[in-house]
Amino acid sequence: LYEEQVRKQEEEISRQRKTLVSTGDRSAKIRTYNWPQGRVTDHRIGLTSYNLDAVVNGEIDEFIEALQVAENTEKMANQ
């Protein structure tokens with residue numbers, strides 16, 4: 015019984031690690047900065063901001079909050 019529980023725990027840890035590791039593929043973008051259009055897009059959550067100057071100057075709260083919401087939503091869906 016103990017071994018079964020340990021095995022399940024190890025499988026869960028392995029599954030979580032796989033979601034954290036990128037493929038290393040160049041097409042696996044996180045974010046695109048489009049200077050001519052003043053646009054920033056975070057491809058993980060599909061968020062686009064047309065305030066590139068502010069983002070480059072560190073005003074990234076919009077992205078942080080959206081990523082936190084996406085992460086919390088994913089965690090709740092996996093429970």
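Going by my numbering, the first residue of the sequence shown is number 15, and it counts up by one from there.
Note that beta-carbon positions come from the ideal geometry of N, C-alpha and C, so glycine has one too.
> Secondary structure at Tyr47, three-state DSSP: helix, strand or coil?
Replying inline: In the structure shown, Tyr47 sits in a strand (DSSP, three-state: E or B).
> Which value, in whole angstroms, describes the spacing of the CA atoms of Glu43 and Glu24?
Replying inline: In the sequence under discussion, the amino acid at residue 43 is Lys, which differs from the Glu named in the question. One C-alpha to the other measures close to 29 Å.
> Just reading off the alpha helix (DSSP H) that Leu66 is part of, what are its end residues?
Replying inline: First-last of the alpha helix (DSSP H) with Leu66: Leu66 to Val70.
> Name the DSSP beta bridge partners of Ser63, please?
Replying inline: Partner(s): Val54.
>> Counting C-beta neighbours from all protein chains within 10 Å, is the total for Asp67 16 or more, i.e. buried, or is it exposed?
In response: Counting of Cβ neighbours within 10 angstroms places Asp67 among the exposed residues, the total staying below 16.
> What does a CB cutoff of less than 6 Å around His46 pick up in its chain, not counting 5 residues either side in sequence?
Replying inline: What sits at residue 46 in the sequence shown is Thr, not His. Close CB contacts of Thr46 within its chain, under the 6 Å cut and outside five residues either way in sequence, are with Thr55 (chain order).
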